Amino acid sequence: MEYKISNRLRLTAIILMVVGAIGVSYSFYTSHVTFEEVENMLANESHHGGSNGHGETENHQADETSSHDTHAAVDAHGEDKHAVGNSHEVVDEHTKHVNHVMHAMHNRPWSAFYIAAFFFMMISLGVLAFYAIQYASQAGWSPLLLRVMEGITAYLFPGALILLAIAVASGTIGHYNIFVWMDPDVVAHDKLIQGKTGWLNIWGFAIRGLIFIGGWSLYRYFSRKFSIAQDKADDNKNFKKTFRISAAFLVFFIYTESMMSWDWIMSVDPHWFSTLFGWYVFAGMMVCAVTTIAFIALYLKTKGLLPKVNDSHFHDLAKFMFAFSIFWTYLWFSQFMLIWYSNIPEEVTYFVTRIEDYKLPFFGMLAMNFIFPLLLLMNSDYKRIPWFIVMTGIVILAGHYIDVFNMIMPATVGDQWYIGVPEICSMLFFAGLFIFIVFTALSKAPLTPTRNPFVKESEHFHY
Amino acid sequence: MEASKVIHAIYNDDDVLLAAVKKVKAERHHIEEIYTPFPVHGLDKAMGLAPTRIAIAAFMYGCVGLAVATLMMNFIMIEDWPQNIGGKPSFSYLENMPAFVPIMFELTVFFAAHLMVITFYLRSRMWPFKKAENPDPRTTDDHFLMEIPIHGNEKELQDLLSQTGAVEINVVDNAH
Numbered sequence: 001m002e003y004k005i006s007n008r009l010r011l012t013a014i015i016l017m018v019v020g021a022i023g024v025s026y027s028f029y030t031s032h033v034t035f036e037e038v039e040n041m042l043a044n045e046s047h048h049g050g051s052n053g054h055g056e057t058e059n060h061q062a063d064e065t066s067s068h069d070t071h072a073a074v075d076a077h078g079e080d081k082h083a084v085g086n087s088h089e090v091v092d093e094h095t096k097h098v099n100h101v102m103h104a105m106h107n108r109p110w111s112a113f114y115i116a117a118f119f120f121m122m123i124s125l126g127v128l129a130f131y132a133i134q135y136a137s138q139a140g141w142s143p144l145l146l147r148v149m150e151g152i153t154a155y156l157f158p159g160a161l162i163l164l165a166i167a168v169a170s171g172t173i174g175h176y177n178i179f180v181w182m183d184p185d186v187v188a189h190d191k192l193i194q195g196k197t198g199w200l201n202i203w204g205f206a207i208r209g210l211i212f213i214g215g216w217s218l219y220r221y222f223s224r225k226f227s228i229a230q231d232k233a234d235d236n237k238n239f240k241k242t243f244r245i246s247a248a249f250l251v252f253f254i255y256t257e258s259m260m261s262w263d264w265i266m267s268v269d270p271h272w273f274s275t276l277f278g279w280y281v282f283a284g285m286m287v288c289a290v291t292t293i294a295f296i297a298l299y300l301k302t303k304g305l306l307p308k309v310n311d312s313h314f315h316d317l318a319k320f321m322f323a324f325s326i327f328w329t330y331l332w333f334s335q336f337m338l339i340w341y342s343n344i345p346e347e348v349t350y351f352v353t354r355i356e357d358y359k360l361p362f363f364g365m366l367a368m369n370f371i372f373p374l375l376l377l378m379n380s381d382y383k384r385i386p387w388f389i390v391m392t393g394i395v396i397l398a399g400h401y402i403d404v405f406n407m408i409m410p411a412t413v414g415d416q417w418y419i420g421v422p423e424i425c426s427m428l429f430f431a432g433l434f435i436f437i438v439f440t441a442l443s444k445a446p447l448t449p450t451r452n453p454f455v456k457e458s459e460h461f462h463y
Numbered sequence: 464m465e466a467s468k469v470i471h472a473i474y475n476d477d478d479v480l481l482a483a484v485k486k487v488k489a490e491r492h493h494i495e496e497i498y499t500p501f502p503v504h505g506l507d508k509a510m511g512l513a514p515t516r517i518a519i520a521a522f523m524y525g526c527v528g529l530a531v532a533t534l535m536m537n538f539i540m541i542e543d544w545p546q547n548i549g550g551k552p553s554f555s556y557l558e559n560m561p562a563f564v565p566i567m568f569e570l571t572v573f574f575a576a577h578l579m580v581i582t583f584y585l586r587s588r589m590w591p592f593k594k595a596e597n598p599d600p601r602t603t604d605d606h607f608l609m610e611i612p613i614h615g616n617e618k619e620l621q622d623l624l625s626q627t628g629a630v631e632i633n634v635v636d637n638a639h
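Line by line, the protein sequences are chains D and X.
Following the working numbering, the numbering of the first sequence begins with 1 at its first residue and continues without gaps.
Following the working numbering, the numbering of the second sequence begins with 464 at its first residue and continues without gaps.
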């Protein structure tokens with residue numbers, strides 16, 4: 001079935017991008033607050049109401065200790081001055097605090113933009129891995145959905161390049177707004193980061209990023225090419241080729257995905273590390289990927305463009321949403337419990353910051369990503385009901401956005417976070433771009449891979 | 464009321480059996496029981512059996528397991544003998560909760576799984592040392608047996624079943 005992107009959808013995508021771009025520029029423009037402005041703002045905050053002000057101060061103190069990790073250089077500097085004298089210390093603490101808050105406010109639009117870019121990039125990357133799994137396992141149920149997946153992975157190349165560009169720009173034209181290790185001043189005062197400069201340096205970061213993106217995009221380019229060639233072929237040669245490159249890609253993917261998660265996410269807290277972080281990011285990525293496949297397939301199905309996709313296919317997608325949600329929770333908990341239990345200062349600071357300053361998103365995300373899908377998708381019959389899939393899917397996607405938010409924001413903006421114009425408009429911008437690229441790609445090839453050797457099995461797929 | 468005479472139709476392929484079940488049901492005959500060497504996918508739906516409620520039972524058993532784990536750990540680790548492990552707060556269940564999650568999870572699974580099996584046995588009226596009800600030992604190997612009660616329609620049923628591809632049709636008198 002041929003698909004043409006409707007004018008209404010294209011217009012929606014363009015409006016989303018324009019509104020998003022305006023909001024993002026506005027938030028970048030307004031984030032340039034000066035030292036005096038921040039000082040005034042903080043003074044106003046602490047003068048308002050006695051009990052409230054007290055809470056604020058406590059919060060700031062907590063923040064000071066908990067973000068010790070990222071701002072160790074500044075802190076170490078501060079500790080030196082402790083010895084000098086008490087009056088000195090008060091002045092220094094104040095300046096340091098105002099500077100800290102000011103820097104956090106400068107970081108906010110960068111981080112918000114970066115989070116949104118990452119969120120949509122990880123959806124298409126997850127779909128690409130899911131797609132490769134279908135080929136490598138020679139799955140019989142899914143060939144009817146392969147073209148939908150190919151449409152989504154079209155976003156990977158531009159999306160990942162933009163993401164890498166934002167990351168590099170933050171360390172070159174920006175003021176090290178996302179990755180503190182890009183700041184030579186911080187590194188000069190930080191023994192721990194100095195020990196990691198072999199990996200954490202901006203050239204290595206950029207080159208590694210390009211290798212990751214290059215490898216993923218090559219696989220996506222050739223698998224798409226073979227998939228379309230297979231439509232007109234009279235043997236299964238193209239399918240076999242895709243089978244082989246899919247297996248190779250999956251090996252490449254699991255290494256690069258893990259390294260990508262260290263580079264693009266974990267290094268925002270350069271002192272902290274977790275050995276299962278790559279898996280954790282992967283699990284979240286896969287939930288979002290499967291949810292997005294289900295959404296776009298449902299959309300095309302209601303337009304009558306995927307007539308052979310039946311509710312058993314959606315049942316399977318919903319099973320994957322359910323299963324990967326639980327897998328994500330398992331990894332989240334495995335990471336959390338070990339760190340919580342061992343209570344080693346350099347590790348536990350990660351969760352201390354999040355529980356003290358991000359209580360609502362931190363625990364709210366657990367409810368959204370675990371309890372909600374667990375209870376809603378547990379019943380077998382509910383997995384076949386489209387509005388159930390959509391409702392759960394929206395909560396899952398929102399929950400995993402907050403998950404990425406929780407991974408980046410505490411390191412960059414500390415307690416100066418809020419879901420406001422920068423965050424929402426960044427999401428709108430990338431949502432528009434994502435819709436535009438994905439649906440344009442969907443219109444480039446027939447939506448049913450007619451000559452796929454497993455397509456008959458998929459058409460008769462029945463639970 | 465149980466019919467005194469039943470007919471046993473034996474098949475040697477699960478797909479043939481499934482098609483036969485659909486045909487027999489379409490002719491509006493009651494199928495008393497089917498004996499198979501392995502679970503045949505979709506057989507319960509074809510026979511028109513009511514959907515199983517074991518999933519609901521499993522959910523409730525899981526909840527019981529979760530409750531037992533919570534109460535047990537609360538008694539052992541908080542009330543009866545609080546222990547200081549790694550400096551964790553030992554007088555509050557909630558603050559210690561992450562340490563108990565693996566136990567809560569395991570007991571949830573344990574209760575759901577074991578009670579589900581026991582429920583299944585009870586519901587199927589099976590217990591240790593019970594004599595097998597299986598009318599033909601070949602159904603534990605490679606044959607499928609369909610049992611239909613006869614209400615004075617022996618000839619009609621025999622014709623119908625031989626059409627469906629049964630390899631053997633026996634009339635059995637239950638009145639011993």
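Beta carbons: idealized from backbone N, C-alpha and C, even for Gly.
As the structure is a computational prediction, the values presented were derived from the model and not from experiment.
Residues of the same chain with a CB within less than 6 Å of the CB of Ser443 of chain D, apart from the 5 flanking positions on each side, are Tyr3, Lys4 and Ile5 in chain order. Below 8 Å, enough C-beta pairs join the region 209 to 216 of chain D and the region 253 to 270 of chain D to call them touching: three or more. Pairing Tyr299 of chain D with Leu16 of chain D, the inter-Cα distance amounts to about 18 Å. Taking all protein chains shown into account, Lys383 of chain D has 16 or more neighbouring C-beta atoms within 10 Å of its C-beta and is therefore buried. Interface with chain X (8 Å Cβ-Cβ cutoff): Trp340 of chain D is included.
From the listed residues D:Val98, D:Met122, D:Trp264 and D:Pro386, the smallest Cα separation to Ile202 of chain D is found for D:Trp264.
Against chain X, a Cβ distance below 8 Å from Met365 of chain D picks out nothing, because the smallest value is about 16 Å.
Close partners of Gly550 of chain X in chain D (Cβ separation under 9 Å): Asn343. Contact residues of the region 556 to 573 of chain X toward chain D are Pro561, Ala562 and Val564 (C-beta to C-beta distance below 7 Å). Distance between Phe430 of chain D and Val487 of chain X, taken at the CA atoms: about 58 Å. Comparing alpha-carbon positions, the option among D:Phe322, D:Ser426, D:Met41 and D:Ser342 lying closest to Leu376 of chain D turns out to be D:Phe322.
When 8 Å is used as the limit between beta carbons, Phe351 of chain D is near no residue of chain X, the shortest such separation being about 10 Å. Cβ neighbours of Val348 of chain D within its own chain (closer than 6 Å, five residues either side excluded): Ile339. Trp110 of chain D counts as buried, since at least 16 other C-beta atoms from the protein chains shown sit within 10 angstroms of its C-beta. In the structure shown, Tyr463 of chain D adopts coil according to DSSP, grouped into three states.
Neighbourhood of Phe336 of chain D in chain X, by CB distance below 8 Å: Pro561, in chain order.
Taking 8 Å as the CB threshold, Phe461 of chain D stays off the interface with chain X. Our two residues, Asp605 of chain X and Gly528 of chain X, have alpha carbons roughly 39 Å apart in a direct line.
The beta-carbon of Phe333 of chain D is placed less than 8 Å from the nearest beta-carbon of chain X. By the C-beta criterion, the region 285 to 298 of chain D is judged not to be in contact with the region 405 to 423 of chain D, since fewer than 3 inter-stretch pairs fall below 8 Å. Per the DSSP secondary-structure output, Phe607 of chain X pairs in a beta bridge with X:Tyr474.
Residue pairing from DSSP places Asn633 of chain X in a beta bridge opposite X:His471. Annotation: the continuous alpha helix (DSSP H) that includes Glu356 of chain D extends over Pro345 to Asp357.
By DSSP's assignment, Glu496 of chain X forms a beta bridge with X:Glu610. By the Cβ test, the region 323 to 342 of chain D is in contact with the region 278 to 292 of chain D, since at least three Cβ pairs between them sit closer than 8 Å. Counting only the Cα atoms, Ala248 of chain D lies some 9 Å from Ala132 of chain D.
Put simply, the backbone Cα of Val352 of chain D is about 14 Å away from that of His271 of chain D.
The beta-carbon separation of Phe436 of chain D and Ala117 of chain D, rounded to 15 Å, does not stay under the 8 Å limit for a contact. Note on geometry: alpha-carbon atoms of Met567 of chain X and Met560 of chain X lie some 10 Å from one another. The alpha carbon of Val531 of chain X has as its nearest neighbour, out of X:Thr571, X:Pro502 and X:Glu558, the alpha carbon of X:Thr571.
For the set D:Glu346, D:His100, D:Leu192 and D:Val19, the Cα lying nearest the Cα of Val421 of chain D is the one of D:Val19. DSSP, read as helix, strand or coil, puts Asn406 of chain D in helix. When rounded, the separation of the alpha-carbon atoms in Lys225 of chain D and Gly140 of chain D is 21 Å. Close CB contacts of Glu457 of chain D within its chain, under the 8 Å cut and outside five residues either way in sequence, are with Gly140, Trp141 and Pro143 (chain order).
Under the 8 Å Cβ criterion, the region 175 to 193 of chain D does not count as touching the region 228 to 242 of chain D, having fewer than three qualifying pairs.
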